[in-house]
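Enquirer: Residues 1 to 304 in the working numbering are what the sequence shown spells out, letter by letter. Cβ atoms here follow ideal geometry from the backbone N, Cα and C, with glycine treated the same way. From a predicted model like this one, the values you see are computed outputs, not experimental measurements.
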Amino acid sequence: MEHDNHAYSDNTYDALDRITRTTTPGDAWHSAGKSVTKEHITNGASDVKLYTAPMDGENHLVKSGYYAKCTLSGEKTTDEDGHTLTIFTDKLGRKVLERRASDEGNNDTYFVYNDLGQLRFVLSPEYQNDRHKAIFAYEYRYDNRGNVVKKILPQCEYIQYWYDTTDRLIYMQDGRMRTKGLYRFYLYDNLSRIVVEGTCSSCNRGGSVTHTKFNASNAGFLNTGYTFDHNLNLGNPKLEVVNYYDDYSFLNLPLFKNDKALKKATNTSNPTCAKGYVTGTITATNNGDLLLTKVSHPQKVDLK
1 MEHDNHAYSD NTYDALDRIT RTTTPGDAWH SAGKSVTKEH ITNGASDVKL
51 YTAPMDGENH LVKSGYYAKC TLSGEKTTDE DGHTLTIFTD KLGRKVLERR
101 ASDEGNNDTY FVYNDLGQLR FVLSPEYQND RHKAIFAYEY RYDNRGNVVK
151 KILPQCEYIQ YWYDTTDRLI YMQDGRMRTK GLYRFYLYDN LSRIVVEGTC
201 SSCNRGGSVT HTKFNASNAG FLNTGYTFDH NLNLGNPKLE VVNYYDDYSF
251 LNLPLFKNDK ALKKATNTSN PTCAKGYVTG TITATNNGDL LLTKVSHPQK
301 VDLK
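1) Applying the criterion that 16 or more other CB atoms from any shown protein chain within 10 Å of the CB defines a buried residue, is Ile19 buried or exposed?
2) When DSSP labels each residue in this structure, what does Gln128 get in the three-state scheme?
3) Between the alpha carbons of Thr293 and Lys213, how many angstroms are there, rounded?
4) Taking buried to mean at least 16 other C-beta atoms within 10 Å of its own C-beta, is Ile170 buried or exposed?
5) By Cβ distance below 8 Å, which residues in the same chain neighbour Ser124 in space, the five residues on each side in sequence not counted?
6) Between the alpha carbons of Lys95 and Lys150, how many angstroms are there, rounded?
7) Residues in the same chain with beta-carbon distance under 6 Å from Asp115, minus the five sequence neighbours each way, listed in chain order, please.
8) If you check the beta carbons only, do Asn5 and Asp27 fall under 8 Å apart?
9) Who pairs with Ser64 in a beta bridge, going by DSSP?
10) Have a look at Asn106 and Gln160 and give me their C-alpha separation to the nearest angstrom.
11) Can you tell me whether Ala274 is buried or exposed? The criterion is at least 16 other CB atoms within 10 Å of its CB, across all chains shown.
12) Classify His30 as buried or exposed, calling it buried when 16 or more other Cβ atoms lie within 10 Å of its own Cβ.
13) Would you say the beta carbon of Gly26 is closer than 7 Å to some non-hydrogen atom of the ligand SAH?
14) Flag this pair as yes or no: are the beta carbons of Tyr142 and Gln118 separated by less than 8 Å?
15) Give me the Cα-Cα distance between Arg131 and Ile152, rounded to the nearest whole angstrom.
16) Within 10 angstroms of the Cβ of Met1, are there 16 or more other Cβ atoms? Answer buried if so, exposed if not.
17) What distance in whole Å lies between the Cβ atoms of Asn147 and Asp167, which are believed to be in contact at a cut-off of 8 Å?
18) DSSP three-state call for Gly198: helix, strand or coil?
19) Just confirm the distance between the C-beta atoms of Thr279 and Asp247, as a whole number of angstroms; I'd bet it's less than 8 Å.
20) So for Asp314, helix, strand or coil by DSSP?
21) So, at 7 Å on beta carbons, what are the nonlocal neighbours of Gly220 in its own chain, with the 5 sequence-adjacent residues on each side left out?
22) Looking at the unbroken beta strand (DSSP E) that takes in Met172, where does it start and where does it end?
23) Using a Cβ-Cβ cut-off of 7 Å (strictly less than) and excluding sequence neighbours within five positions of Glu157, which residues of its own chain qualify?
24) Suppose the cutoff is 6 Å on Cβ atoms and the five residues either side in sequence are ignored; what does the same chain contact list for Thr37 look like?
25) According to the Cβ coordinates, are Phe185 and Leu234 closer than 8 Å?
So this is what it looks like as structure tokens:
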């Protein structure tokens with residue numbers, strides 16, 4: 001900063017090399033003694049509530065008293081204006097409480113885990129006053145492979161997710177889509193990159209792996225050039241996003257063939273210059289039109 005004698009920050013450390021104070025840059029802040037301070041603390045006997053999420057198949061949230069004294073590590077941060085944020089973590093390093101102090105008291109957000117260490121609930125501050133889980137809590141449910149299969153957000157319809165046997169997301173459905181009888185589907189190439197995303201009215205949620213290939217000489221799925229090794233059984237599929245990678249052969253597809261502007265100045269002399277990158281996209285608009293895009297990549301220069 002010009003004409004500023006304190007255009008820097010100073011850090012103060014404790015004996016364990018942890019930052020305890022950081023001064024704020026600027027003459028005005030420095031002269032006012034403004035800084036951010038950190039205190040390393042532990043919890044008191046009745047300081048942090050203990051919530052558990054038993055794996056009993058009932059999706060219960062249980063309040064089990066309080067964490068025993070000194071069983072949690074805490075870091076209390078006070079900003080330049082005196083506002084404090086305290087974060088408590090358990091012995092596994094998981095955040096269990098985020099506490100923001102205000103004139104009216106503490107605003108506590110709790111994080112609840114199951115026995116596998118998966119985040120099951122996030123309890124907003126208002127939940128401490130009115131224990132209405134559907135209104136003031138976030139809930140996450142998992143399959144036996146650790147994938148989130150159901151997400152319940154406050155005052156929202158639940159969201160469902162389905163995966164293939166390699167744990168890739170292949171279908172999802174939120175409340176609005178459920179009302180319309182729709183699912184969103186995701187298709188991947190052999191490098192697990194998303195190649196096609198869209199909606200359908202029905203699908204096979206069995207989870208089998210779909211092997212997707214691109215062939216510029218084959219119209220393929222909805223004229224995208226992508227083909228699959230088995231029937232997807234998608235009801236009334238509609239495109240939302242299509243991605244092309246590694247080269248510009250997609251420009252030979254019927255959708256792109258007559259678009260001279262996209263073909264102009266495409267670098268095909270060095271086919272490796274686009275390897276690993278997105279080279280083109282198709283994006284569906286709300287009125288059903290398809291926007292075609294080509295992504296150009298400069299030729300790599302050998303500096304040897």
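Expert: In short:
1) exposed
2) helix
3) 20 Å
4) buried
5) Thr109, Phe136, Ala137, Tyr138, Pro154
6) 22 Å
7) Met55
8) yes
9) Its beta-bridge partners do not exist; DSSP assigns none.
10) 34 Å
11) buried
12) buried
13) Absence of the ligand SAH is noted for the structure shown, with no ligands found whatsoever.
14) yes
15) 16 Å
16) Its pLDDT being 48, under 50, Met1 is placed unreliably in this model, and the coordinates cannot settle the point.
17) 6 Å
18) strand
19) 6 Å
20) Only positions 1 to 304 of the chain appear in the structure, and residue 314 is not among them; the question remains open.
21) Tyr226, Thr227
22) 169 to 173
23) Asp174, Gly175, Arg178
24) Arg21, Thr78
25) yes
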